[in-house]
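Peer 1: Sharing a structure with you now.
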């Protein structure tokens with residue numbers, strides 16, 4: 013007897029974009045409130061933190077990477093993903109865990125443009141960023157899966 017196929021609905025790029033934007037706003041506001049006073053003090057003391065310079069981008073990337081890794085490693089969802097009802101999983105729909113979440117989010121936090129472009133070009137309509145492929149993760153619609161084997165289905169486009 014054939015096992016039933018597990019159906020995972022891949023999240024749309026639109027849902028992923030809005031989740032990303034929500035997270036950027038949340039982390040940006042938190043960074044402005046808690047981190048900017050420190051970097052402003054260091055800039056005055058040492059002149060080493062130029063707005064939107066390498067140090068600022070690296071610091072912002074680290075903050076985002078930690079935020080995404082902790083939340084998505086634990087539950088598969090950042091606040092933005094919760095709002096958009098999507099989540100990060102392994103390729104079989106199981107929790108990604110901290111290791112895979114950390115690897116997946118390196119591209120999103122530090123190399124987003126390249127991560128997306130290479131993913132779109134090299135993997136066609138698979139709805140994967142490069143670092144999703146490297147980390148064996150996917151982003152799916154939360155709560156819409158069946159037990160058993162896996163079959164990927166794309167909603168919309």
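Residue numbers (the working numbering): 13 to 169. No residue lacks a Cβ here, since even glycine has one placed at the ideal position from N, Cα and C.
#1: Looking only at C-alpha atoms, which of 20, 132, 13 sits nearest to residue 165?
#2: Does the region 75 to 86 come close enough to the region 105 to 123 to have 3 or more Cβ pairs within less than 8 Å?
#3: Alpha carbons only, please: which of 125, 133, 124, 114 is nearest the one belonging to residue 147?
#4: Rounding to the nearest angstrom, what Cα-Cα distance links residue 98 and residue 76 in this structure?
#5: Count Cβ pairs between the region 132 to 152 and the region 92 to 109 that sit closer than 8 Å; are there 3 or more?
#6: Closest by CA to residue 128, which one among 141, 25, 29, 30?
#7: Distance, Cα to Cα, residue 28 vs residue 93?
#8: Once DSSP output is grouped into helix, strand and coil, what is the label at residue 19?
#9: For residue 25 and residue 134, I'd like the C-alpha separation in whole angstroms.
#10: With a cut-off of 8 Å on the beta carbons, I'd call residue 31 and residue 90 a contact; round off their distance for me.
#11: Kindly indicate which residue of 39, 102, 33 has the alpha-carbon position closest to the one of residue 71.
#12: Find out if the Cβ-Cβ distance for the pair residue 22, residue 139 is shorter than 7 Å.
#13: Determine the burial state of residue 35: buried for a count of at least 16 other Cβ atoms within 10 Å of its Cβ, exposed for fewer.
#14: Can you give the beta carbon distance from residue 110 to residue 73, rounded, assuming they're within the 8 Å contact cut?
#15: Bridge partners for residue 13 per DSSP, in chain order?
#16: Nearest-angstrom Cα distance between residue 168 and residue 42?
Peer 2: With the structure as the only source:
#1: 20
#2: yes
#3: 114
#4: 18 Å
#5: yes
#6: 141
#7: 7 Å
#8: strand
#9: 16 Å
#10: 7 Å
#11: 39
#12: yes
#13: buried
#14: At roughly 18 Å, the Cβ-Cβ gap does not stay under 8 Å, so residue 110 and residue 73 are not in contact.
#15: BP columns for residue 13 are empty, so no partner.
#16: 34 Å
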